[in-house]
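In the numbering used here, the protein residues as written are 8 to 375. For each residue, glycine too, the CB sits at the ideal point set by N, CA and C. Below is one structure, written out as C-alpha cells; the observations come after it.
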C-alpha cells in the first residue's frame, strides 16, 4: 500500500493532485496517480497556463478553434474545459465508490472576477452549466467580494471549492457562507446530499510571508518563531472546522443529507529549503481533510513521509504560537490580506500571460 493510500485508509485524509495537463491525460500519468492513491485533482490559472505554454498537445485543437473564428479567450476556456471533462471521467469511479466524498476536479472562475460578486456568480453558474458533472468543483476565491457568491452558489445547490484562504477570520466567513447557503437550499426542498464543498486553506505561503516579517523585525525572539506560523494556523483552522460542523445548527443540516465543507490544505510544497520537504504534509494529517499535492511533494512523501494523525496534536501550542507572533509584532490578519492580494494578482498575471501566448500563436498561424 502506498503512503497516499494509507493517508486515506488509515487516517481519513484525501490526497489530491495539484496539477492537470493534457499530456498527463493522454499518456496515462493521471490514471497511474489515481491507481496509487490520488483521489482528486485541483488546478488554477497558473497551472493551466504552464500546461498550455509548455506543451504542443493543445496546438491542433487551438488552431481549429481560432481558424473558425473563435476568440482567443473562448478558445482558452474550450481547451481547459476539455481537460477538466477528461479528468472528471477518470475520477468518476472514485466519486461513485466514495459516495461523493472524493473524485473531484476543480476549475476556477476567471481571476479578474475576484473583486466582482455578480460576475463571479455568473461565471460559476456558467461553468457548472457547461460542465454538468456531479464531481465538478468550481473554484471561487475567498475575497470579501466573493463571500456572497459562495453563499449564492451553495444556495443554488452548486458544488464549489473556495480558494485563497489565508487567515482564520476569513475562513470563519467562508464557513458561515456555506452553512447559510445550505440553509437556503434546504428551504426549497432539494437534496442537500448533492452539494459538496472544500475550503482551500493555504499553508506554505503563510510561512514565507511571516518569515519575511520576522526577519525584518530581527530580534532573537522573532527569529526563533520562523517556520512555525503556517502549521499552527492550519491546526487552529482545523479546530474551527470541528467546532462549526457540530452542534444543533449543523446537526439539522446533516440530517437533511448535508456534507461538511472539508478543509483542504493548499500550497503544501515547501518553499524554504531549510525546512523538511514533507513539513506541510506530515504536520497536517487528520480525518475529514484534503491535502492537494504537487508531484514533488508526492515523491518526497512516498519516500520518507510519516503517516500518522498530527492535525490535532498540540492544539494549545498552536494558539500559543499565534500569540507569540502577535507579541513580537506580526499581525496575522494583515499577513492574510497581503497574501490574498498577492494570490489574486499572481493568478491574474498567469491568466493574462497565457492569453498573450495564445494570441501570439494566432498571429504566427496567420503568417503561414
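Return the CA-CA distance between residue i and residue j, expressed in angstroms with no decimal places.
i           : j           : result
residue 291 : residue 175 : 16 Å
residue 15  : residue 277 : 22 Å
residue 281 : residue 65  : 38 Å
residue 368 : residue 71  : 12 Å
residue 378 : residue 329 : Absent from the structure is residue 378, since the part of the chain shown begins at 8 and ends at 375.
residue 47  : residue 10  : 16 Å
residue 183 : residue 147 : 15 Å
residue 27  : residue 94  : 8 Å
residue 21  : residue 109 : 7 Å
residue 19  : residue 295 : 6 Å
residue 67  : residue 55  : 17 Å
residue 308 : residue 349 : 28 Å
residue 259 : residue 279 : 44 Å
residue 264 : residue 186 : 13 Å
residue 289 : residue 318 : 9 Å
residue 60  : residue 255 : 50 Å
residue 365 : residue 131 : 24 Å
residue 161 : residue 245 : 21 Å
residue 74  : residue 238 : 50 Å
residue 191 : residue 137 : 24 Å
residue 332 : residue 198 : 44 Å
residue 179 : residue 327 : 20 Å
residue 196 : residue 63  : 48 Å
residue 87  : residue 359 : 15 Å
Is it buried or exposed for residue i, if we count other Cβ within 10 angstroms and need 16 for buried?
i           : result
residue 194 : exposed
residue 298 : buried
residue 203 : buried
residue 375 : Because residue 375 sits at a pLDDT of 45, beneath the cut-off of 50, its placement in the model cannot be relied upon, and the following sentence gives the value as read from the coordinates. So residue 375 ends up on the exposed side.
residue 267 : buried
residue 218 : buried
residue 223 : exposed
residue 25  : buried
residue 315 : exposed
residue 371 : exposed
residue 142 : buried
residue 240 : buried
residue 80  : exposed
residue 352 : exposed
residue 151 : exposed
residue 133 : exposed
residue 334 : exposed
residue 343 : buried
residue 8   : exposed
residue 363 : exposed
residue 52  : buried
residue 227 : exposed
residue 39  : exposed
Starting from residue i and walking both ways along the beta strand (DSSP E), at which residues does that stretch end?
i           : result
residue 333 : It is not in any beta strand (DSSP E) - residue 333 instead sits in the alpha helix (DSSP H) that spans 322-335.
residue 169 : 167-172
Could you tell me which residues DSSP pairs with residue i in its beta bridges?
i           : result
residue 36  : According to DSSP, which records beta bridges pairwise, residue 36 is partnered with nothing at all.
residue 209 : 273
residue 344 : For residue 344, which the question treats as bridged, DSSP gives no partner whatsoever.
residue 48  : 24 and 112
On the DSSP letters alone, give me the boundaries of the alpha helix (DSSP H) that residue i sits inside.
i           : result
residue 384 : Nothing can be reported for residue 384: it is not among the residues displayed for the chain, which extend from 8 to 375.
residue 11  : 10-18
residue 227 : 227-230
residue 300 : That residue, residue 300, is in no alpha helix (DSSP H); its beta strand (DSSP E) goes 296-300.
residue 292 : It is not in any alpha helix (DSSP H) - residue 292 carries neither H nor E in the DSSP assignment.
residue 261 : 254-261
residue 202 : Where residue 202 is concerned, there is no enclosing alpha helix (DSSP H), given that its DSSP letter is neither H nor E.
residue 179 : 175-194
Quiz prompt | Segments of 4+ residues assigned as alpha helix (DSSP H) that fall wholly inside the stretch 136-165 | solution = As far as the stretch 136-165 is concerned, its whole alpha helix (DSSP H) runs of at least 4 residues are 154-162.
Quiz item: Hey, which unbroken runs of the beta strand (DSSP E) at 3 residues or more fall wholly within the stretch 53-121?
Solution: You should have 111-115.
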